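Quick note: the sequence shown uses my numbering, first residue 7, plus one each step. Report on one structure; see the data block that follows.
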Amino acid sequence: MKILITGGAGFIGSHVVRLFVNKYPSYQIFNLDKLTYAGNLANLSDIENKENYTFLKGDIVDAAYLEDIFTNYQFDSVIHLAAESHVDRSITDPLSFVNTNVIGTVNLLNAARKLWKDDMQNHVFYHISTDEVYGSLGAEGFFTEETAYDPRSPYSASKASSDHFVRAYYHTYGLPVKVSNCSNNYGPNHFPEKLIPLAIYNIKNERSVPVYGKGENIRDWLYVLDHARAIDDIFHRGQVGETYNIGGINEWKNIDLIELLCDVMDEKLGRPAGQSRKLITFVKDRAGHDMRYAIDSSKLMEELGWKPSVTFEQGLSKTVDWYLENEEWLENVTSGNYKSYYEQQYENR
Ligand code: NAD
Ligand code: DAU
Numbered sequence: 007m008k009i010l011i012t013g014g015a016g017f018i019g020s021h022v023v024r025l026f027v028n029k030y031p032s033y034q035i036f037n038l039d040k041l042t043y044a045g046n047l048a049n050l051s052d053i054e055n056k057e058n059y060t061f062l063k064g065d066i067v068d069a070a071y072l073e074d075i076f077t078n079y080q081f082d083s084v085i086h087l088a089a090e091s092h093v094d095r096s097i098t099d100p101l102s103f104v105n106t107n108v109i110g111t112v113n114l115l116n117a118a119r120k121l122w123k124d125d126m127q128n129h130v131f132y133h134i135s136t137d138e139v140y141g142s143l144g145a146e147g148f149f150t151e152e153t154a155y156d157p158r159s160p161y162s163a164s165k166a167s168s169d170h171f172v173r174a175y176y177h178t179y180g181l182p183v184k185v186s187n188c189s190n191n192y193g194p195n196h197f198p199e200k201l202i203p204l205a206i207y208n209i210k211n212e213r214s215v216p217v218y219g220k221g222e223n224i225r226d227w228l229y230v231l232d233h234a235r236a237i238d239d240i241f242h243r244g245q246v247g248e249t250y251n252i253g254g255i256n257e258w259k260n261i262d263l264i265e266l267l268c269d270v271m272d273e274k275l276g277r278p279a280g281q282s283r284k285l286i287t288f289v290k291d292r293a294g295h296d297m298r299y300a301i302d303s304s305k306l307m308e309e310l311g312w313k314p315s316v317t318f319e320q321g322l323s324k325t326v327d328w329y330l331e332n333e334e335w336l337e338n339v340t341s342g343n344y345k346s347y348y349e350q351q352y353e354n355r
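Here it is in structure tokens:
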């Protein structure tokens, strides 16, 4: 089986590529990535020489390039993760989210449809999406697969649009699609523009830790390897045409999470208890900041027997250890492009 995984040099994609390359030696895994600021081949240095792994540098917005590689490699299935993924960047530059997340997804759908037109049933186009498409919850309730879409940021609007196109290709052309919508991931290789790795980097370097608004927004956190395991289960055993929600059953208010992280890091760095909490700084809120996300994963758990394998305390401890042991990775990604973005994002807050 030849599987095209898009966005495999990014945070979640790199864990999915590693899992598939190591667990399925008889599959040929092709990782297509543009290597934007968020793509980093160092994430995959341990598997880059494996015989069943091939890296393809390319842009999913380039339809002619996609047609070429689909013709050359004859992919059997696609797992699509490539995206612009950061909400704050989508607020300053919505169009690049439209280009990659919407146009790029439609280009991939077209390439798959063209290649598979005579035997659709033997393939899978698996689209990886987010819980943010469902909008923002109040204090009660959970997102289920039936919750109506209500995206509220340019990022989530672009992901919602891509989800609609994927389902439209299933209904209109019979493309064998699967979709999953996951909550906030955390873990190794997470780019330090997102809350947890940014806070780890700043605490380590004794820089202020920016918390938006009053820190009362709630996210449902899932360890990235558990997301990769869910993707494996859904790709192999999920039903075509179906959607699966994936969540951590693990809601945290931002401020509580950051305080816990400060305490974990004080202990690991041998600092006096309470020292890192002094770095917490409340800054101007994100525009249109969604209040609460919480996922009901019972369909995935009941149908496919998936459940998270680590508690949040275990996952957070492993994550902090990884960042402390991989200083070079962290220093590399916090230089260059990322730094100028960081200044632009936080200088006037
Ligand atoms: P990421 O930003 O870390 O990685 C995205 C990858 O896509 C990068 O390697 C980047 O180089 C690549 N890419 C971007 N534009 C491209 C283009 N035009 N052509 C080819 N490659 C391109 O993202 P992530 O956090 O790993 O998220 C992966 C997917 O999972 C995304 O679709 C995202 O919407 C979804 N998702 C993320 C989370 C999360 O918490 N991070 C949760 C749910 C769903
Ligand atoms: O829910 C899934 C989504 O989770 C994914 O689809 C996105 O790709 C991913 O980026 C993530 O989106 P969030 O906006 O929830 O993640 P982020 O890490 O940017 O922010 C988490 C929360 O922390 C959110 O309430 C905003 C807040 N925050 C974030 C940053 C970067 C801060 O308080 N301070 C910060 O510096």
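The beta-carbon is built from N, C-alpha and C at its ideal position, and this holds for glycine as well. Model, not experiment: these values are computed from the prediction.
Within a Cβ cutoff of 6 Å, which residues of the same chain sit near residue i, ignoring the five residues on either side of it in sequence?
i, result
"E138", "S162"
"A44", "G16 and F197"
"A88", "T12, G13 and I66"
"D262", "none"
"L121", "F76"
"E73", "A117"
"P157", "V139, A163 and A166"
"H133", "H86, V172 and V185"
"E199", "H92"
"F26", "I35"
"Y30", "none"
"F61", "N37"
Can you list, in chain order, the residues of its chain whose CB lies under 8 Å from that of residue i, leaving out five sequence neighbours each side?
i, result
"D68", "N113"
"M271", "I206, I209, K210, R277, S282 and V326"
"N223", "K259, N260, H295, D296, M297 and R298"
"E349", "none"
"N366", "No information on residue 366 is available, as it lies outside the stretch 7 to 355 that the chain covers here."
"A48", "W335 and N338"
"L41", "A15, L47 and K63"
"S315", "Y229, L231, D232 and R235"
If contacts are defined as beta-carbon pairs under 8 Å, then residue i and residue j qualify, I think. What distance do you get, rounded to the angstrom?
i, j, result
"K165", "S135", "5 Å"
"I264", "I286", "6 Å"
"H21", "L231", "6 Å"
"I53", "G64", "With 8 Å as the limit, I53 and G64 do not qualify as a contact, their Cβ atoms being about 19 Å apart."
"F36", "T111", "That belief does not hold up - the Cβ atoms of F36 and T111 are roughly 17 Å apart, past 8 Å."
"E273", "A300", "With 8 Å as the limit, E273 and A300 do not qualify as a contact, their Cβ atoms being about 29 Å apart."
Mind checking whether residue i and residue j have CB atoms under 8 Å apart?
i, j, result
"D239", "L330", "no"
"I18", "N191", "yes"
"S159", "V93", "yes"
"D302", "F148", "yes"
"R119", "Y79", "no"
"S168", "V108", "yes"
"P312", "A234", "It should be pointed out that residue 312 corresponds to Trp in this sequence rather than to Pro. No, the pair does not count as a contact, with Cβ atoms beyond the cut-off."
"E146", "K305", "no"
"G144", "Y229", "no"
"N55", "Q34", "no"
"G219", "D124", "no"
"I202", "L266", "no"
"W227", "F103", "no"
"G367", "S189", "Residue 367 lies beyond the residue range present for the chain, which begins at 7 and ends at 355; the question has no answer from this structure."
Within a Cβ cutoff of 7 Å, which residues of the same chain sit near residue i, ignoring the five residues on either side of it in sequence?
i, result
"L10", "F36, L38, F81 and V84"
"T178", "none"
"S214", "N208, L285 and T287"
"T340", "P198 and Y207"
"K8", "Q34, F36, Y79, Q80, F81 and D82"
"E248", "K184"
"M307", "K313"
"A293", "I97"
"E212", "L285"
So within the segment 7-37, which uninterrupted beta strand (DSSP E) runs reach at least 3 residues, ignoring any that extend past its ends? The segment 7-37 contains these whole beta strand (DSSP E) runs: 8-12.
Are the segment 277-287 and the segment 118-129 touching, with three or more C-beta to C-beta distances below 8 Å? no
Please go through the segment 255-339 and give each complete alpha helix (DSSP H) segment of 4 or more residues, from N-terminal end onward. When DSSP assignments are scanned along the segment 255-339, the uninterrupted stretches of alpha helix (DSSP H) that are 4 or more residues long and fall wholly within it turn out to be 260-275, 304-310, 318-331 and 333-339.
Runs of beta strand (DSSP E) lying entirely within the segment 153-218, each at least 3 residues, in chain order: 183-188, 190-192 and 215-218
At 3 residues or longer, what runs of the beta strand (DSSP E) sit wholly inside the segment 57-128? 59-63 and 83-86
Does the count of Cβ pairs from the segment 225-244 and the segment 167-186 closer than 8 Å reach three? yes
So within the segment 214-255, which uninterrupted alpha helix (DSSP H) runs reach at least 4 residues, ignoring any that extend past its ends? 230-243
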